[in-house]
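Novice: Let me give you the structure first, and then I'll get to my questions.
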Amino acid sequence: MNDSNTVRRTPWPETGSRPLVTPLQPSVVYVSDDPDALDAQYADGSGYTYAREGHPNAEVLARKIDALEGAEGGFVTGSGMSAVAAMFLGLLKAGDHVIGADQLYGRSLRMMRQDLPRFGIETTLADATDAEAIRAAIRPETRLILVEVISNPTIRVADMEGILAVAREAGVLLAVDNTFTTPRLYQPLLRGADIVLHSVTKLLAGHSDATLGYVAAADPALTARMMEANVTFGLTASPFDCWLAERGLQSFGLRLDRAEANAAALAQALSAVPGVARVIYPTLSGHPDHNRAATVLGGRGGNMLSFEIEGGRAAANALVRAAPDIAFAPTLGDVGTTLSHPASSSHRLVDAEARAAVGISEGFFRVSVGVEPADMLVAEFTAAVDAARTAS
Ligand SMILES: *Cc1c(COP(=O)(O)O)cnc(C)c1O
Numbered sequence: 001m002n003d004s005n006t007v008r009r010t011p012w013p014e015t016g017s018r019p020l021v022t023p024l025q026p027s028v029v030y031v032s033d034d035p036d037a038l039d040a041q042y043a044d045g046s047g048y049t050y051a052r053e054g055h056p057n058a059e060v061l062a063r064k065i066d067a068l069e070g071a072e073g074g075f076v077t078g079s080g081m082s083a084v085a086a087m088f089l090g091l092l093k094a095g096d097h098v099i100g101a102d103q104l105y106g107r108s109l110r111m112m113r114q115d116l117p118r119f120g121i122e123t124t125l126a127d128a129t130d131a132e133a134i135r136a137a138i139r140p141e142t143r144l145i146l147v148e149v150i151s152n153p154t155i156r157v158a159d160m161e162g163i164l165a166v167a168r169e170a171g172v173l174l175a176v177d178n179t180f181t182t183p184r185l186y187q188p189l190l191r192g193a194d195i196v197l198h199s200v201t202k203l204l205a206g207h208s209d210a211t212l213g214y215v216a217a218a219d220p221a222l223t224a225r226m227m228e229a230n231v232t233f234g235l236t237a238s239p240f241d242c243w244l245a246e247r248g249l250q251s252f253g254l255r256l257d258r259a260e261a262n263a264a265a266l267a268q269a270l271s272a273v274p275g276v277a278r279v280i281y282p283t284l285s286g287h288p289d290h291n292r293a294a295t296v297l298g299g300r301g302g303n304m305l306s307f308e309i310e311g312g313r314a315a316a317n318a319l320v321r322a323a324p325d326i327a328f329a330p331t332l333g334d335v336g337t338t339l340s341h342p343a344s345s346s347h348r349l350v351d352a353e354a355r356a357a358v359g360i361s362e363g364f365f366r367v368s369v370g371v372e373p374a375d376m377l378v379a380e381f382t383a384a385v386d387a388a389r390t391a392s
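With full-length UniProt numbering as the guide, the letters of the sequence shown map in order to residues 1 to 392.
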């Protein structure tokens, strides 16, 4: 039997028909006409040759996020942490110093504390709600400051105006992990930051089915260095994940606006529920950074809130069990509401004293509010808090 008809690829039908939906292109390699053509392609950097170096689904997704962020030529990475890694690997060298906000995403903190030092890069963590604390950490070798606008899980708002001024004055790059805020609440490059990065996994893709990141610098030369690191260290995104994320992104604005309205309603409602010790949401008047939040976030609050109930682990267990339809999962940004408990997840290994210092008790919960009907969420959370109160 001759297998050639099945082994050799059949040409794609050239019909002139254009699909409405972005095609999914999983090809790892691209075929060239002859060595001259391949040579010319490498020389001018046009088209695609090998998927680790770039592929159409990553390109389409990156252009969409560029448009949201007011960026040019940003690129997609295999995860949010790949975006952080591509930035550090592309821009830093041994002997450099980096400043990070002291309440960064857990893995970013780990990278600052444990991994960068292994490569001879010293790091300092400082409070991003206090620009003077950031200024005080600057050294002659400081190259970069990494902050998140809204801290996780304490929902504090960074002093972005102050930090922008400190970074500019010192000639240090300012990178903003914009995952929590999204370009709907804050656009780092348009405010004067040098680098914006995302875990696209979260609100941008929005359906907990794709793991991706994105990074762009205002200076194309910096973007090129980060992109080179992305290719060399193999941090490339999968075409299928990019394709899913592009689809998710189509409803991003609608989802975020609806989730934000829900979060504001839930924050307000929870504030009045007996047994709730405090609710942390940027537009609540009792928020510790209330005035700054209004300026930095343009009066918006986003979809993330945290709250604390009275009672210890037993009350926390009872609350989660009393809300079986709200996914108890250590993530955020899903189309549906998810609930997380930092003391047993992201902050498990943080000692009790350090945890208490930032207000994370056994009764502390973080909510990533989704797009369900608001009254349903309020009823579910109210009943869950009530069950926790009875249990403790
Ligand atoms: C989730 C997250 C990351 C890491 O993203 P992954 O896609 O999980 O690698 C980085 N920063 C923030 C703020 C995040 O929430």
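Cβ coordinates follow ideal geometry from the N, Cα and C atoms, glycine included.
Nothing here was measured: the structure is a model prediction, and the numbers come from that model.
Taking 8 Å as the cut-off, decide whether the C-beta atoms of residue 236 and residue 230 are in contact.
Specialist: Going by C-beta atoms, residue 236 is nearer than 8 Å to residue 230.
Novice: Could you tell me the distance, in whole angstroms, from the CA atom of residue 207 to the CA atom of residue 61?
Specialist: Rounded to whole angstroms, residue 207 to residue 61 spans 15 Å at the Cα level.
Novice: Does ligand 2 have a heavy atom nearer than 7 Å to the CB of residue 365?
Specialist: Judged by which ligands are present, ligand 2 is missing from the structure shown, whose ligands are ligand 1.
Novice: Return yes when at least one heavy atom of ligand 1 lies under 7 Å from the C-beta of residue 332, else no.
Specialist: Under cutoff, so the answer is yes.
Novice: Quick one: is the Cβ of residue 69 within less than 7 Å of any heavy atom of ligand 1?
Specialist: No.
Novice: Any Cβ of chain C within less than 8 Å of the Cβ of residue 199?
Specialist: Among the protein chains of the structure shown there is no chain C, as only one such chain exists.
Novice: For the alpha helix (DSSP H) holding residue 223, just list the boundary residues, first then last.
Specialist: Per DSSP, residue 223 belongs to the alpha helix (DSSP H) from 220-232.
Novice: Taking only runs of the alpha helix (DSSP H) that begin and end inside the stretch 106-170, which ones reach a length of at least 4 residues, in chain order?
Specialist: The stretch 106-170 contains these whole alpha helix (DSSP H) runs: 106-110, 131-137 and 160-170.
Novice: So, residue 166 versus residue 292, is the Cβ gap smaller than 8 Å?
Specialist: Going by C-beta atoms, residue 166 is not nearer than 8 Å to residue 292.
Novice: So what does DSSP say about residue 308, is it helix, strand or coil?
Specialist: Reduced to three states, the DSSP call for residue 308 is strand.
Novice: From residue 339 to residue 370, what does the alpha carbon distance come to, in whole angstroms?
Specialist: Spanning the two alpha carbons is a distance of roughly 10 Å.
Novice: Out of 361, 76 and 336, point me to the one whose CA is closest to residue 310's CA.
Specialist: Selected option, being the one with the closest Cα: 361.
Novice: Can you name, in chain order, every residue of its own chain whose Cβ lies under 8 Å from the Cβ of residue 64, other than the five neighbours on each side?
Specialist: Cβ neighbours of residue 64 beyond the five flanking positions: 246 and 249.
Novice: Can the beta-carbon of residue 269 be found less than 8 Å from the beta-carbon of residue 382?
Specialist: The answer is yes: Cβ separation under 8 Å.
Novice: If we ignore side chains and look at the alpha-carbon of each, how far apart do residue 184 and residue 333 end up?
Specialist: Distance between the alpha carbons of residue 184 and residue 333 is about 13 Å.
Novice: For residue 212 versus residue 78, is the C-beta spacing smaller than 8 Å?
Specialist: Yes, the Cβ-Cβ distance between residue 212 and residue 78 is below 8 Å.
Novice: Tell me where the alpha helix (DSSP H) around residue 351 begins and ends.
Specialist: No alpha helix (DSSP H) holds residue 351; DSSP gives it neither H nor E.
Novice: Mind checking who residue 296 pairs with in its DSSP beta bridge?
Specialist: DSSP, once it has assigned bridges, lists no residue as partnering residue 296.
Novice: Taking C-alpha atoms, which residue in 376, 283, 228 and 385 lies nearest to residue 321?
Specialist: For residue 321, the nearest C-alpha among the options comes from 385.
Novice: Determine the DSSP secondary structure at residue 341, reduced to helix, strand or coil.
Specialist: If DSSP states are grouped into helix, strand and coil, residue 341 belongs with coil.
Novice: Curious, which full-length alpha helix (DSSP H) runs of at least 4 residues does the stretch 74-98 contain?
Specialist: You should have 80-91.
Novice: Going by DSSP, what residues sit across from residue 102 in a beta bridge?
Specialist: Residue 102 is not bridged to any residue.
Novice: Can you list, in chain order, the residues of its chain whose CB lies under 8 Å from that of residue 38, leaving out five sequence neighbours each side?
Specialist: If we look at residue 38 and ignore the five residues flanking it on each side, its Cβ neighbours are 32 and 49.
Novice: Would you decide whether residue 346 is buried or exposed? Buried here means 16 or more other CB atoms lie within 10 Å of its CB.
Specialist: Answer is buried; the Cβ neighbour count reaches 16.
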